[in-house]
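Visitor: Its first residue numbered 58, the sequence shown is counted upward by one per residue in the working numbering.
Just so it is clear, CB atoms sit at the ideal spot from N, CA and C, and this is done for glycine as well.
Because the structure is a prediction, the values reported are computed rather than measured.
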Amino acid sequence: MASIVKVYFDKEGDFLEVLFSDKPGYMRETDNDAIMERVDEEGNLLGFSVLAVSQLSTDQPLVAQLVAGAKI
């Protein structure tokens with residue numbers, strides 16, 4: 058089964074968003090201040106966003122734990 062992933066980059070806002078689904082959802086914090094996860098009402102992961110992309114270190118990867126299916 059093929060999946061479509063949508064990637065949006067806003068250069069002016071220095072913001073990157075990756076969406077796995079077009080379902081309605083909302084953003085919530087992760088353990089990394091630069092990353093937010095988009096989830097639906099049941100807590101299923103719909104995507105994520107990265108803030109201040111241009112300020113990321115090139116020496117090490119950006120790491121955050123995204124909690125798919127986690128309840129709020």
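Return the CA-CA distance between Q112 and D71, expressed in angstroms with no decimal places.
Guide: For the purposes of this step, residue 112 is taken as residue 55 along the sequence shown, with counting starting at 1. For the purposes of this step, residue 71 is taken as residue 14 along the sequence shown, with counting starting at 1. If I take the Cα positions, the gap works out to 9 Å.
Visitor: What does the alpha-carbon distance come out to for the pair M84 and L102?
Guide: For the purposes of this step, residue 84 is identified with residue 27 of the sequence shown, where counting begins at 1. For the purposes of this step, residue 102 is identified with residue 45 of the sequence shown, where counting begins at 1. Between M84 and L102, the C-alpha separation is close to 10 Å.
Visitor: Cβ of L73 within 8 Å of Cβ of E94?
Guide: The residue labelled residue 73 in the question sits at position 16 within the sequence shown. The residue labelled residue 94 in the question sits at position 37 within the sequence shown. No, these two residues do not count as a Cβ contact at 8 Å.
Visitor: Is it right to say V96 is buried, meaning 16 or more other beta carbons lie within 10 angstroms of its own, or is it exposed?
Guide: Position 39 of the sequence shown, counted from the first residue, corresponds to residue 96. Buried, because 16 or more other Cβ atoms sit within 10 Å of the Cβ of V96.
Visitor: May I have the straight-line CA-CA distance separating I92 from L108, to the nearest angstrom?
Guide: Your numbering for residue 92 matches position 35 in the sequence shown. Your numbering for residue 108 matches position 51 in the sequence shown. So the alpha carbons of these two residues sit roughly 6 Å apart.
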